[in-house]
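Worksheet for the structure shown next.
In the working numbering, the protein residues as written are 461 to 789.
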C-alpha cells in the first residue's frame, strides 16, 4: 500500500491556507468568529502556518447543539480557526484518502454524492432479485481511536502530518478512546475511510459484484437470499473483530418490494420519496415560508434554504406533492 509523504509544506503553504479560509467561511460569513478572523487575515494565516509546522496545535472547544433531522443527533461545531485548519489538511490529504476508495463508495467524494449512490443502487435493483441493507449502530460514537490512528499511519508517512491527525482524532471522545464529532470535515473523511477496509473485504474477499456504501449505510444485492444471509454473517463477524463495530438488525427483501435508502424509496422501475422525506420537505418548506413572511429571512436567505430542498425531492416522483404544498402556502 502506497503511503503519502512530504505533504506538510503543501498544507502550510499560504495559498492553501487562504483557500481553506474561503472554504471554511462559506455560509458563515456573517458569524462573529468569521468576521474576526477575516479582519486579521494575514496574521491569522501566519499563526496557523506556524502552528502547523512547529506547534503547539491548540484546538478550541467544540460548541454542541442537537438537531432532529430526521433523527436526533448531537452536532459539534469547531471554532472557525479550527475549521480553517481542517480544510487546509483535507485540501492536501484528500488525494490519499481518495486513492483507497473503491468505485462504489459514495460519501466525501467529488461527484459521488447522494444522488449518484441512489442511481447506482437502482441499477443493481434492476439487475438482481434480492437486497441486503445494513448499517452500523451509533457509528460515529463507536469509531476506535487507536484503530483509526493505525489506518492513518498506513496512509501517511510524514511525521508532522501524523501528529496533527492524532491531535484531531483525540480532540473528542464519547467514551475513552472512542468517537468522532459529527459536523467536522475531518470527521467525515475519517469515518468514511474507517470503513474502507470493509469495502475491500466485501469486494475482494466476499467477491460481491453489487455493493454500494454511503458512509455507514451499505447494501449488497444478489439473486440468492441464502448467499446474502451468509454474507451478512461474515460481515457482522468481520466488523466486530476488525473494527469493533456492531451492525443493526438487517433488512433482507425483494428488490421489487422497494428499499428505503438515503431518503428515497427505490424500486426497479422508479425512485420515489421516503415517507420521512415527504414530512421533512413539508415541514422545512413551511418554516422557510413563514420566516420569509415575518422578515426573519431575506428573499436570498430563504432561497438558499429552499433550493436544496427542491433539488432533493426532484430526484423522487414528487411533483404532485410539491404543487399541493406550494398551493396551500
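The beta-carbon is built from N, C-alpha and C at its ideal position, and this holds for glycine as well. Everything numeric in this text was worked out from a predicted model, so none of it was measured.
Could you tell me the distance, in whole angstroms, from the CA atom of residue i to the CA atom of residue j?
{"i": "residue 657", "j": "residue 709", "result": "21 angstroms"}
{"i": "residue 675", "j": "residue 600", "result": "10 angstroms"}
{"i": "residue 476", "j": "residue 639", "result": "29 angstroms"}
{"i": "residue 758", "j": "residue 491", "result": "17 angstroms"}
{"i": "residue 584", "j": "residue 770", "result": "26 angstroms"}
{"i": "residue 729", "j": "residue 513", "result": "54 angstroms"}
{"i": "residue 524", "j": "residue 632", "result": "12 angstroms"}
{"i": "residue 665", "j": "residue 496", "result": "52 angstroms"}
{"i": "residue 594", "j": "residue 673", "result": "9 angstroms"}
{"i": "residue 687", "j": "residue 721", "result": "21 angstroms"}
{"i": "residue 469", "j": "residue 782", "result": "50 angstroms"}
{"i": "residue 789", "j": "residue 748", "result": "11 angstroms"}
{"i": "residue 566", "j": "residue 646", "result": "16 angstroms"}
{"i": "residue 737", "j": "residue 765", "result": "16 angstroms"}
{"i": "residue 668", "j": "residue 680", "result": "7 angstroms"}
{"i": "residue 551", "j": "residue 644", "result": "14 angstroms"}
{"i": "residue 636", "j": "residue 603", "result": "11 angstroms"}
{"i": "residue 515", "j": "residue 509", "result": "9 angstroms"}
{"i": "residue 472", "j": "residue 539", "result": "19 angstroms"}
{"i": "residue 740", "j": "residue 507", "result": "43 angstroms"}
{"i": "residue 488", "j": "residue 714", "result": "44 angstroms"}
Does the separation of the CB atoms of residue i and residue j fall below 8 angstroms?
{"i": "residue 685", "j": "residue 703", "result": "no"}
{"i": "residue 717", "j": "residue 725", "result": "no"}
{"i": "residue 553", "j": "residue 648", "result": "no"}
{"i": "residue 660", "j": "residue 630", "result": "no"}
{"i": "residue 588", "j": "residue 693", "result": "no"}
{"i": "residue 775", "j": "residue 731", "result": "yes"}
{"i": "residue 642", "j": "residue 498", "result": "no"}
{"i": "residue 719", "j": "residue 591", "result": "yes"}
{"i": "residue 624", "j": "residue 549", "result": "yes"}
{"i": "residue 517", "j": "residue 511", "result": "yes"}
{"i": "residue 762", "j": "residue 752", "result": "yes"}
{"i": "residue 772", "j": "residue 697", "result": "no"}
{"i": "residue 537", "j": "residue 520", "result": "no"}
{"i": "residue 466", "j": "residue 626", "result": "no"}
{"i": "residue 662", "j": "residue 654", "result": "no"}
{"i": "residue 484", "j": "residue 544", "result": "yes"}
{"i": "residue 615", "j": "residue 560", "result": "yes"}
{"i": "residue 547", "j": "residue 480", "result": "yes"}
{"i": "residue 743", "j": "residue 785", "result": "no"}
Starting from residue i and walking both ways along the alpha helix (DSSP H), at which residues does that stretch end?
{"i": "residue 626", "result": "619 to 630"}
{"i": "residue 659", "result": "656 to 660"}
{"i": "residue 509", "result": "501 to 514"}
{"i": "residue 746", "result": "735 to 753"}
{"i": "residue 772", "result": "759 to 774"}
{"i": "residue 721", "result": "Where residue 721 is concerned, there is no enclosing alpha helix (DSSP H), although the beta strand (DSSP E) it sits in stretches over 719 to 721."}
{"i": "residue 470", "result": "468 to 472"}
{"i": "residue 779", "result": "779 to 788"}
{"i": "residue 615", "result": "605 to 615"}
On the DSSP bridge list, what partners appear for residue i?
{"i": "residue 565", "result": "673"}
{"i": "residue 537", "result": "523"}
{"i": "residue 681", "result": "591"}
{"i": "residue 596", "result": "707"}
{"i": "residue 714", "result": "590"}
{"i": "residue 638", "result": "604, 635"}
{"i": "residue 577", "result": "Looking at the DSSP assignment, residue 577 forms no beta bridge with any residue, so it has no partner."}
{"i": "residue 532", "result": "528"}
{"i": "residue 730", "result": "727"}
In the DSSP assignment, find the beta strand (DSSP E) that holds residue i and state where it starts and stops.
{"i": "residue 725", "result": "724 to 727"}
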